[in-house]
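Protein chains in written order, with my numbering: chain A, 1 to 179; chain B, 180 to 618. Remarks on the structure that follows.
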Ligand SMILES: Cc1cc2nc3c(=O)[nH]c(=O)nc-3n(C[C@H](O)[C@H](O)[C@H](O)COP(=O)(O)O)c2cc1C
Ligand code: SF4
Ligand code: FES
């Protein structure tokens with residue numbers, strides 16, 4: 001059974017604080033930040049229940065949430081692994097070997113790009129330039145950038161996430177402690 | 180060594196924190212502006228400095244500021260564009276990560292000039308960890324009385340908030356950014372009205388790039404005339420260049436405008452030459468949107484003069500033989516690089532990032548990606564290059580926002596300068612493998 005879709009008191013207070021960052025009546029501006037929190041809290045993706053809940057919190061129509069959630073590439077509308085591995089595929093990373101990184105990950109994890117491992121631990125995704133071209137080839141997991149990748153580095157990374165990294169991944173975005 | 184303005188103190192230990200930042204002269208522009216200057220005098224200095232927007236278009240900042248409408252009783256906003264999603268660009272991240280207070284200082288001083296009580300930093304969602312660094316810096320500034328009510332005992336009060344995006348290149352376009360900040364899809368608005376008249380929440384708004392705003396403290400402290408002495412011609416001041424690709428020393432460099440491109444690529448002070456001693460093949464000098472140039476044309480203009488890192492010199496020759504400084508995303512490709520495959524990564528990018536509002540952009544970027552895909556896969560057809568040319572021509576100038584142009588230019592320039600390579604791909608698909616970069 002999935003967790004009940006409801007923030008605890010602390011998170012609700014945070015949402016309240018966020019909404020006050022904007023002028024009277026403009027609290028819809030809090031939608032994207034709140035969706036980030038919701039995604040981190042409720043399994044790393046936005047189910048329609050989660051989106052409806054966010055709509056009720058911000059007192060806006062569910063459609064206003066869906067249209068935003070479906071526009072931005074960081075919002076996952078289907079479940080993803082605990083560690084969403086996002087490999088940059090754009091020019092500078094491509095020129096310095098991102099295709100090899102993806103191939104290596106696919107071999108290592110036994111899945112294709114876009115797929116999730118059976119244990120729900122890893123998803124491989126290719127993404128566009130992450131503003132880290134000087135460290136090409138690079139990938140991102142949660143909030144962390146991993147640059148100047150080699151196959152050895154990728155292997156170490158996977159091991160790290162497998163062993164002590166269970167809580168890292170999307171919760172390492174740690175939205176709550178910063179906003 | 181050229182003049183450093185933004186990165187002068189970057190290697191001072193602890194410069195990320197307020198205390199060390201202040202020990203190195205930080206926040207002096209806030210003191211000076213709030214205590215001794217009228218807001219319009221600050222605008223005047225920025226005008227005199229010749230500072231041009233560092234987000235890509237190079238529009239004069241002082242002029243932009245003077246367009247800001249000031250109706251009685253209506254809020255005005257400063258919004259800092261930290262979306263930084265133009266492929267090849269990572270300078271704003273570097274600046275915000277390493278010396279966040281320079282941005283905060285610039286925002287306070289600029290907001291004072293504009294009469295904005297609130298400002299927002301819109302930062303791309305993937306830079307989440309940088310947003311935490313900014314939040315920490317903002318908190319320090321509040322604690323020191325540099326933000327909040329009656330800053331440093333003056334009548335000026337100001338609040339800064341950080342807004343995190345969620346992955347969309349188009350939100351770097353200023354009106355899409357404002358839509359996103361209002362909690363909507365990032366669909367660019369039809370202009371006019373311009374943000375200076377009706378921007379955030381329909382209020383007069385100035386949107387500026389991170390680097391632009393971070394340049395303001397120096398201008399206020401030293402005067403616009405002093406700033407204008409740095410650089411060359413109408414390219415005043417310094418510019419952060421994000422250097423990546425096949426070079427020995429990728430990274431962010433602050434250059435004085437006017438450094439020769441050749442020096443930038445080959446000197447130890449900057450890129451340190453081409454990786455593995457290979458030969459230079461091509462450069463995209465200002466982020467993925469600007470035309471790609473082959474080695475001979477990036478090093479020298481068509482007239483045979485050395486090409487310089489400045490707005491004017493890089494665009495010398497127009498699109499026929501020149502390019503643009505853009506955002507300063509400098510991507511270098513060695514002799515082994517396939518221009519066709521590289522272009523495919525750009526075409527895929529623009530198709531992925533098109534917001535979908537205008538059909539030439541939405542459909543055209545998709546077609547270009549599809550055609551390039553079949554070419555790189557070895558299924559190119561005779562006439563494909565002409566078709567690509569035709570499609571990009573039909574996108575350019577026919578869309579709501581400049582993303583359409585940005586998608587067209589890389590295609591046009593790659594065909595213009597490397598047409599033979601496309602034809603080679605189409606006529607000899609069996610040779611394509613050899614062109615792939617060796618890792
Ligand atoms: C598709 C597109 C993407 C853009 N991305 C950015 C960006 O990431 N950062 C930025 O500062 N400007 C970006 N711009 C330019 C902005 O629209 C705007 O001109 C700029 O933020 C103004 O600031 P400036 O005058 O200080 O350069 C983009 C423009 C377009 C059309
Ligand atoms: S040009 Fe492209 S990105 Fe810009 S508004 Fe039109 S469809 Fe959207
Ligand atoms: S091209 Fe990969 S981070 Fe920019």
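Glycine is no exception: its CB is placed at the ideal position from the N, C-alpha and C atoms. Because the structure is a prediction, the values reported are computed rather than measured.
Secondary structure of residue 359/B, DSSP reduced to three states:
helix
To the nearest angstrom, report how far apart residue 511/B and residue 249/B are at their CA atoms.
45 Å
Beta-carbon of residue 77/A versus every beta-carbon of chain B: anything under 8 Å?
no
So what does residue 473/B bridge to, in DSSP terms?
461/B
Could you have a look at residue 606/B and say whether DSSP puts it in helix, strand or coil?
helix
Simplified DSSP state of residue 202/B, which is helix, strand or coil:
helix
What are the complete alpha helix (DSSP H) segments, minimum 4 residues, inside the segment 358-402 of chain B?
389-393 and 395-401
Nearest-angstrom Cα distance between residue 182/A and residue 217/B?
The requested residue 182/A is not part of the displayed model; chain A covers only 1 to 179.
Would you mind sorting residue 79/A into buried or exposed? The rule is 16 or more other CB atoms within 10 Å of its CB.
exposed
Going by other Cβ atoms of all chains shown within 10 Å of its Cβ, with 16 needed for buried, is residue 440/B buried or exposed?
buried
Name the chain B residues that come within less than 9 Å of residue 28/A, Cβ to Cβ?
361, 362 and 363
Is residue 537/B near ligand 2, with its Cβ less than 7 Å from a heavy atom?
yes
Do residue 32/A and residue 343/B come within 8 Å of each other at the CB atom, strictly closer than that value?
yes
Check whether chain A comes within 8 Å of residue 397/B, counting only Cβ atoms and requiring the distance to be less than that.
no
How would you list, in chain order, the residues of chain B whose beta-carbon sits under 8 Å from the beta-carbon of residue 47/A?
Per Cβ cutoff of 8 Å: no residues; residue 47/A is ~17 Å from chain B at best.
What number of angstroms, rounded off, separates the C-alpha of residue 618/B from the C-alpha of residue 96/A?
The predicted position of residue 618/B is uncertain, since its pLDDT is 31 and thus under 50; a value taken from the coordinates is nonetheless stated next. Approximately 7 Å, taken between the alpha carbons.
Please tell me whether residue 343/B has its Cβ less than 8 Å away from any Cβ of chain A.
yes
Using the beta-carbon of each residue, which ones in chain A are nearer than 9 Å to residue 431/B?
134
So, at 6 Å on beta carbons, what are the nonlocal neighbours of residue 319/B in its own chain, with the 5 sequence-adjacent residues on each side left out?
197
Nearest-residue set for ligand 3, Cβ under 5 Å from any heavy atom
88/A, 90/A, 92/A, 93/A, 129/A, 130/A, 132/A and 133/A
Are any of the Cβ atoms in chain A nearer than 8 Å to that of residue 532/B?
yes
Does any CB atom of chain A fall closer than 8 Å to the CB of residue 321/B?
no
Contact list for residue 355/B against chain A, beta-carbon separation under 7 Å:
Going along chain A, no residue has its Cβ under 7 Å from residue 355/B, so there is no contact; the nearest lies around 10 Å.
Are there 16 or more other CB atoms within 10 angstroms of the CB of residue 607/B, so buried, or fewer, so exposed?
exposed
Near residue 426/B, what residues of its chain come up, given a Cβ to Cβ distance below 8 Å and the 5 sequence neighbours on each side ignored?
444, 450, 451, 452, 453, 454 and 511
Please name the residue or residues paired with residue 327/B in a DSSP beta bridge.
337/B
Check each residue of the segment 60-76 of chain A: if its Cβ is closer than 7 Å to any Cβ of chain B, include it; give the result in chain order.
67, 68, 71, 72, 73, 74 and 75
If you count every other CB in all the chains shown that lies within 10 Å of the CB of residue 381/B, and 16 or more means buried, which is it?
exposed
Check residue 231/B in the structure and name its three-state DSSP category.
strand
Going by DSSP, which residues form a beta bridge with residue 207/B?
In the DSSP output, where bridge partners are listed per residue, residue 207/B has none listed.
Check each residue of the segment 109-133 of chain A: if its Cβ is closer than 7 Å to any Cβ of chain B, include it; give the result in chain order.
128, 129, 130, 131, 132 and 133
Could you check whether the Cβ of residue 20/A sits closer than 8 Å to any Cβ belonging to chain B?
no
Can residue 184/B be considered in contact with ligand 1, in the sense that its beta carbon sits closer than 7 Å to one or more heavy atoms?
no
Cβ pair residue 399/B, residue 208/B closer than 8 Å:
yes
Interface residues of chain B facing residue 37/A [CB-CB closer than 8 Å]:
Result: empty, since nearest Cβ-Cβ is about 10 Å, beyond 8 Å.
Residue 139/A - partner residues in DSSP beta bridges
87/A and 146/A
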